[in-house]
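Accompanying notes for the structure given below.
Number of protein chains: 2
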Amino acid sequence: MSQPLYQVVYDEIIKRIVDGRYPPGNMLPSEFDLGAELGVSQGTARKALTELEKRKIVERRQGRGTFVTLRTPENSMFHFFRLRSPEGEQVVPEPGTEKVVRRQSNKNERGALFGNPRSVFEISRTRNFRGEPLSQEVSVVPTDLFPGLPDRAPLPNTLYVLFQQAYSCVIIWAEDSLRAGVMGKELAEDLGVDASKPVLVAERKSYDLQGRVVELRTSTFITDNVSYSVRMD
Amino acid sequence: MSQPLYQVVYDEIIKRIVDGRYPPGNMLPSEFDLGAELGVSQGTARKALTELEKRKIVERRQGRGTFVTLRTPENSMFHFFRLRSPEGEQVVPEPGTEKVVRRQSNKNERGALFGNPRSVFEISRTRNFRGEPLSQEVSVVPTDLFPGLPDRAPLPNTLYVLFQQAYSCVIIWAEDSLRAGVMGKELAEDLGVDASKPVLVAERKSYDLQGRVVELRTSTFITDNVSYSVRMD
DNA sequence: TATACTTATTCTTATATAAGAGTCAATATA
DNA sequence: TATATTGACTCTTATATAAGAATAAGTATA
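In the order they appear, the protein sequences are chains B and F.
For what it's worth, my numbering labels the leading residue of the first sequence as 817, then goes sequentially.
For what it's worth, my numbering labels the leading residue of the second sequence as 817, then goes sequentially.
Now the structure itself:
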């Protein structure tokens, strides 16, 4: 056997989520039905679902069913926004300014993003926390994947919810590269703080269900009142 | 049923690792033997082992066996030291200075560390990367848990290996809180760099197999040539 | 309205078979 | 004779299936 049966089932379910047969938030067929349909036992279908659950692609509830994970503002925040207050609570930022422009990609962006796009949208946003300036975030995405994005302004607080609901693009994982830096003059004016302020800079690559890099994001955080929390296990 | 059978098996194996019956690096009994001994099927023993593997408490290799995870310099680095070079490679730092002192704990340390210790060891170390100063790390641990620690200088590059091998204390997870800051005068002299340099400050709590907080660590990184990498999935 | 019943789901456990990996002796080869 | 090479054997974990238990929600009933 070249490939385990449950792996075949896993791939088939992914395919069905991607092509819209199992839309986000909807219930999948039961383990028995899925097994019957694909000609495997309930246990094998179950094993595939366990793998999907591990990657947070589906959610299961005993007695209820298995559901395609729906990106909500809550779980998107919890999963991809790692700032915590000094008391250890999840930080829920308040929206600040927002600007969306279409422009040509630079060489770096073209090389990193899926499809090597020449044209990208740049989404720049500032956020506040407890009335103080907190961060600037600049997201770059291919225009191909997100047609009409600028028309949707003002954008929701969590982009990934929009990506999933309006564009069937499901972000399942991301990688941040963190560095210390100084605010810089331009950004300091935007946020109304001192230009020499030390800041935490996070460069992110976001990957969707099909393994495509669909977003590059550079976030600049003022960590006076928050910290970026990382759990290693 | 109050508790699944596999959970009972899980707890029993943890107990045996903690009390030394299954020492780090050693092979566990096979799934069949484990099941037979505890009066469950191979599959149930297997389910428990799967959970242990998920938390990196054991490692399994088909055809070989299941082994209690041994903290090696390699996997300790890989798992708990998240600096990457610009090319994306794991950073292996070179050791710099080292100092271990015994002192009274402060209120914060006493409250956070296991056993509310009055006496702690403070381990201060600097590290370099490609000949340039990279970081300072200050670890604070209860003297109770690590008797004779200062006599073991020079300490190995990775503390967690020592903790496991010499003190049977297995770190299985840790949490970092990251902030941007400035180097400061004292540390700048230590590392021989400019005092106004922006730095990445990581405050860590380390947890062992029994859920105890056994170490508080404050790391100060110069991120000119490295970045702190975080994967969210 | 409260309670029992029904139905549909995932969860737990058990068993059988497949596949990976080392050991060791028999065999071929220089 | 010394040294590879092969192959059988036995250990291990991995995969697949099936049956019953637990859970949740709706439905009938007193």
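All C-beta atoms in this analysis are idealised placements derived from N, C-alpha and C, irrespective of residue type, glycine included.
Values in this document were obtained by computation on a predicted structure and should not be read as measured data.
Kindly indicate if chain F contains any beta-carbon less than 8 angstroms away from that of residue i.
i: residue 1014 of chain B; result: yes
i: residue 857 of chain B; result: no
i: residue 1044 of chain B; result: yes
i: residue 994 of chain B; result: yes
i: residue 1049 of chain B; result: yes
i: residue 991 of chain B; result: yes
i: residue 871 of chain B; result: yes
i: residue 942 of chain B; result: no
i: residue 896 of chain B; result: yes
Roughly how many whole angstroms lie between the Cα atoms of residue i and residue j?
i: residue 982 of chain B; j: residue 1049 of chain B; result: 34 angstroms
i: residue 954 of chain F; j: residue 894 of chain B; result: 30 angstroms
i: residue 986 of chain B; j: residue 964 of chain B; result: 18 angstroms
i: residue 944 of chain B; j: residue 976 of chain B; result: 19 angstroms
i: residue 1030 of chain F; j: residue 920 of chain F; result: 16 angstroms
i: residue 1018 of chain B; j: residue 1006 of chain F; result: 27 angstroms
i: residue 1028 of chain F; j: residue 956 of chain F; result: 14 angstroms
i: residue 1001 of chain B; j: residue 890 of chain B; result: 34 angstroms
i: residue 950 of chain F; j: residue 820 of chain F; result: 48 angstroms
i: residue 854 of chain F; j: residue 845 of chain F; result: 11 angstroms
i: residue 874 of chain B; j: residue 896 of chain B; result: 17 angstroms
i: residue 860 of chain F; j: residue 994 of chain F; result: 40 angstroms
i: residue 916 of chain F; j: residue 836 of chain F; result: 28 angstroms
i: residue 1020 of chain F; j: residue 850 of chain B; result: 45 angstroms
i: residue 902 of chain B; j: residue 938 of chain B; result: 32 angstroms
i: residue 840 of chain F; j: residue 980 of chain F; result: 8 angstroms
i: residue 888 of chain B; j: residue 876 of chain F; result: 36 angstroms
i: residue 966 of chain B; j: residue 1034 of chain B; result: 19 angstroms
i: residue 923 of chain B; j: residue 912 of chain B; result: 30 angstroms
i: residue 904 of chain B; j: residue 1047 of chain B; result: 13 angstroms
i: residue 1023 of chain B; j: residue 878 of chain B; result: 29 angstroms
i: residue 1008 of chain B; j: residue 978 of chain B; result: 29 angstroms
i: residue 909 of chain F; j: residue 898 of chain F; result: 11 angstroms
i: residue 865 of chain F; j: residue 1032 of chain B; result: 38 angstroms
Rounded C-beta distance between residue i and residue j? I'm assuming under 8 angstroms.
i: residue 974 of chain F; j: residue 892 of chain F; result: 4 angstroms
i: residue 1013 of chain F; j: residue 988 of chain F; result: Residue 1013 of chain F to residue 988 of chain F, Cβ: 34 angstroms. No contact.
i: residue 886 of chain F; j: residue 826 of chain F; result: In fact, because the Cβ distance is near 20 angstroms, the residues do not count as touching under 8 angstroms.
i: residue 946 of chain B; j: residue 935 of chain B; result: Contact doesn't hold; Cβ gap of about 38 angstroms is too wide.
Let me check one thing: in DSSP terms, what residues is residue i bridge-paired to?
i: residue 843 of chain B; result: B:883
i: residue 1020 of chain B; result: B:992, B:1033
i: residue 875 of chain F; result: F:883
i: residue 915 of chain B; result: B:940
i: residue 987 of chain F; result: F:1024
i: residue 980 of chain B; result: DSSP output for residue 980 of chain B lists no bridge partner at all.
i: residue 1048 of chain F; result: B:990
i: residue 953 of chain F; result: F:941, F:1035
i: residue 862 of chain F; result: Answer by DSSP bridge pairing: none, since residue 862 of chain F is not bridged.
i: residue 899 of chain B; result: B:1044
i: residue 998 of chain B; result: B:1014
i: residue 920 of chain B; result: B:935
i: residue 782 of chain F; result: A query on residue 782 of chain F cannot be resolved here, the shown segment of chain F reaching from 817 to 1049 and no further.
i: residue 819 of chain F; result: In the DSSP output, where bridge partners are listed per residue, residue 819 of chain F has none listed.
Going by beta carbon distance, what residues of the same chain come within less than 7 angstroms of residue i, once the five residues before and after it are set aside?
i: residue 900 of chain B; result: 906, 907, 1042, 1043, 1045
i: residue 931 of chain B; result: 958, 960
i: residue 914 of chain B; result: 941, 969, 970, 971
i: residue 1015 of chain F; result: 997, 998, 999, 1036, 1037, 1038
i: residue 1003 of chain F; result: 952, 1036
i: residue 856 of chain F; result: 821, 825
i: residue 834 of chain B; result: 1025, 1026
i: residue 1040 of chain B; result: none
i: residue 872 of chain F; result: 885, 988
Taking only beta-carbon positions, decide if residue i is within less than 8 angstroms of chain B.
i: residue 817 of chain F; result: For residue 817 of chain F, the predicted model reports a pLDDT of 44, less than 50, meaning its position is unreliable; a value from the coordinates is still stated below. No, its Cβ sits nowhere closer than 8 angstroms to a Cβ of chain B.
i: residue 893 of chain F; result: no
i: residue 998 of chain F; result: yes
i: residue 988 of chain F; result: yes
i: residue 1039 of chain F; result: yes
If I measure Cβ to Cβ from residue i and keep anything under 6 angstroms in the same chain, skipping five residues before and after, which residues do I get?
i: residue 848 of chain B; result: 858
i: residue 962 of chain F; result: 983
i: residue 863 of chain B; result: 822
i: residue 926 of chain F; result: 932
i: residue 929 of chain B; result: 958, 1029
i: residue 881 of chain B; result: 843
i: residue 991 of chain B; result: 1021
Sorry if obvious, but does the Cβ on residue i come closer than 7 angstroms to a heavy atom of the ligand ADP?
i: residue 974 of chain B; result: This structure does not include the ligand ADP; it has no bound ligands of any sort.
Quick one: what's got a C-beta closer than 8 angstroms to residue i's C-beta in the same chain, skipping five residues either side?
i: residue 842 of chain F; result: 883, 884
i: residue 838 of chain F; result: 829, 832, 844, 884
i: residue 1010 of chain B; result: 999, 1004
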